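Here is the structure we will look at, set down as structure tokens.
In the numbering used here, the protein residues as written are 56 to 203.
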């Protein structure tokens with residue numbers, strides 16, 4: 056390293072050292088107080104739900120106060136079967152509030168399929184997109200206890 060570079064780096068090193076002084080907070084708490092000798096009270100945990108409190112997947116479905124209506128047929132059997140299976144699963148397994156969130160996702164899938172058909176997308180590609188959407192939804196619907 057040349058002497059000229061050393062002369063330039065030396066003031067930078069001094070500035071860096073000056074910036075790190077003890078009067079600045081380091082983020083580490085400075086605790087000089089002795090820990091209190093008071094006993095620590097354990098926090099009470101709510102009792103865990105027993106197996107009897109949770110409904111099994113085979114339990115009766117929630118009441119249908121606002122079921123998801125059937126979608127119009129797309130003309131593609133893969134798409135129609137996927138949309139109908141998904142819709143029936145949501146209607147049979149979820150309560151009204153949960154169903155609304157999932158219904159929005161299903162409606163977006165239907166809109167995407169319909170838009171592809173309206174744009175004149177190749178029929179083989181539309182069918183492939185429906186198969187791909189079905190594969191992506193399998194995990195979600197398995198969690199709900201539905202086979203897609």
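Where a beta carbon is used, it is the ideal one built from N, C-alpha and C, also for glycine. As the structure is a computational prediction, the values presented were derived from the model and not from experiment.
Give me, in chain order, the residues of the same chain whose beta-carbon lies closer than 7 Å to that of residue i; leave out the 5 immediate sequence neighbours on both sides.
i           : result
residue 189 : 137, 203
residue 158 : 123, 145
residue 172 : 129, 181
At which residues does the alpha helix (DSSP H) containing residue i begin and terminate?
i           : result
residue 140 : 132-148
residue 186 : 178-198
residue 156 : 151-173
Can you tell me which of the options puts its alpha carbon nearest to the alpha carbon of residue i?
i           : options            : result
residue 151 : 196, 159, 121, 198 : 121
residue 160 : 186, 147, 141, 176 : 141
residue 187 : 133, 128, 126, 129 : 133
Indicate whether residue i and residue j have their beta-carbon atoms separated by less than 9 Å.
i           : j           : result
residue 123 : residue 174 : no
residue 201 : residue 148 : yes
By Cβ distance, which residues of its chain are closer than 8 Å to residue i, with the 5 residues on each side in sequence left out?
i           : result
residue 178 : 131
residue 198 : none
residue 139 : 125, 126
CB-CB under 6 Å to residue i, same chain, minus the five flanking residues each way: which ones, in chain order?
i           : result
residue 193 : 203
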